[in-house]
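Engineer: Just dropping this structure here.
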């Protein structure tokens, strides 16, 4: 849970519905995979002019990591 909360840039802005606690309970992934998700989500936010990061953004990043590892979501 700490990695989810501290892995993002201090400048990152989050939608109020973003629930890292639920995400961390529902999706057990390695620290390296979490960092890959954080990078992906951060880049997507920047690409979209810095829009707020949402639960769906993070879940999309997790699905992407699962696909790379050959796992289902």
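Residue numbers (the working numbering): 9 to 81.
All residues carry an ideal CB built from backbone N, CA and C; glycine is no exception.
Compute the distance between the beta-carbons of residue 49 and residue 61, then report whether it is under 7 Å.
Structural biologist: If you number the chain shown from 1, residue 49 lands on position 41. If you number the chain shown from 1, residue 61 lands on position 53. Yes, the Cβ-Cβ distance between residue 49 and residue 61 is below 7 Å.
Engineer: Roughly how many whole angstroms lie between the Cα atoms of residue 57 and residue 27?
Structural biologist: Translated into positions along the chain shown, residue 57 becomes position 49. Translated into positions along the chain shown, residue 27 becomes position 19. Cα-Cα distance, rounded: 22 Å.
Engineer: Within 10 angstroms of the Cβ of residue 53, are there 16 or more other Cβ atoms? Answer buried if so, exposed if not.
Structural biologist: Position 45 of the chain shown, counted from the start, is the residue given in the question as residue 53. By the 10 Å Cβ count, residue 53 comes out buried.
Engineer: Tell me residue 61's beta-bridge partners as DSSP assigns them.
Structural biologist: On the chain shown, residue 61 is found 53 positions in, with the first residue counted as 1. Paired residue(s): 22.
Engineer: Suppose you measure from the CA of residue 15 to the CA of residue 43; what does that come to, to the nearest Å?
Structural biologist: Taking the first residue of the chain shown as 1, we reach residue 15 at position 7. Taking the first residue of the chain shown as 1, we reach residue 43 at position 35. Their backbone Cα atoms lie some 7 Å apart in a straight line.
Engineer: To the nearest angstrom, report how far apart residue 83 and residue 65 are at their CA atoms.
Structural biologist: Since the first residue shown for the chain is 9 and the last is 81, residue 83 is missing from the structure and cannot be characterised.
Engineer: Can you tell me whether DSSP reads residue 78 as helix, strand or coil?
Structural biologist: The residue labelled residue 78 in the question sits at position 70 within the chain shown. Coil.
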